[in-house]
Each structure stands twice: as C-alpha cells, then as structure tokens.
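What the sequence shown shows, in mature numbering (1 follows the signal peptide of the UniProt record, and there is no 0), is residues -20 to -1, 1 to 128, in sequence order.
Where is the CB? At the ideal position from N, CA and C, for every residue including glycine.
Contents: one structure, followed by commentary.
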Amino acid sequence: MIMKKLLCFFILLFSQATFASDAIYTGFFSNKAIDGYDSVSYFTAEKPLKGSSEFVTSYMNADWYFISQENLDLFSENPTKYAPQYGGFCAWAIAAKNDRAPGDPNQFSIVDGKLYLNYDAGVKALWEKDIQGFITKGDKNWPKLLKN
C-alpha cells in the first residue's frame, strides 16, 4: 500500500514538472500537439479531424499532424492563427485556477478567430458561462505560467 502511494506521488510530481516545462500540451508519452488532431480543421471543417503521419511539422517543440498538405501549408504559413490558445492546455483551468490541465481536442470553442480547448464537457460548460471574462483572465495568467 505504501509503495502504491509513493508511486502515485512520484507520478503526480513528474506530471506537474512536465506540464510546467512545456508551452504546448502533448501528453505524457507523446510529442503530438492536440493529440494528433489537425488544428486547421477546426477552422476549415468546423470540427476536429485526426491528422495523418504523412503530414507532420514541428512547431514549439511539438509535432503537429494534419489531414492534408494544404492544411499543413496553412499552418506553416501562420501557426499562431491555427494553434490553440494557451498551448492546448485547458483554457478554463488557465483562467480560473491559474494552473495547467490537459485540453481535450473534442471540447473546443473558436472565439474571435482563436481556438480554445477545455478539459472535458463539464469544464467546457463552466467556460461557456463567461467566455470573455475567462479569456481576459487566461491572457493575464498564461505568460506567468510559461515562466514556471
């Protein structure tokens, strides 16, 4: 029992250190930004589409996958337009908790031409109660979280 608790403690400690060092959320055992979803598809298809290993680029120390060469080219021309805000971490957590949490590529919002991800449907519902307020707070918190 003690070993299980110690193991859990070290996993949590490691995960927080991993989050703190990354500007882009890629998960623990992958270097895929937004779990390999095509960030351009949110804007062109209005939904997340899983990218292909045939169309990959590197940006901010993460691998970005796309459904086509056209989407890869659009991203390469202007990655800040298509990359999710707050590095793909949960936008609500960045704003409300001043902390990082994984973003779920299927729980998204596009606001003023920018992509935001949330942890899950319940958190997205909280986010939707005051999107503009959370964006204001998130924009203030995010630069500080990048330094930690």
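Check	Outcome
Straight-line Cα distance separating D15 from P85	7 Å
Proximal residues to I74 (C-beta, below 6 Å), its chain only, five neighbours per side dropped	Y66, G118, N121, W122
Length of the line joining the Cα atoms of D43 and T37	6 Å
Where P85 falls: helix, strand or coil (DSSP)	strand
Secondary structure, alpha helix (DSSP H): runs of 4+ residues fully inside the region 40 to 93	49 to 57, 59 to 62
Own chain partners of L126 with C-beta closer than 7 Å, once the 5 adjacent residues on each side are dropped	A3
Y22 - containing alpha helix (DSSP H), residue span	21 to 24
Nearest residue (CA-CA) to T60, options C70, F69, A71, M40	M40
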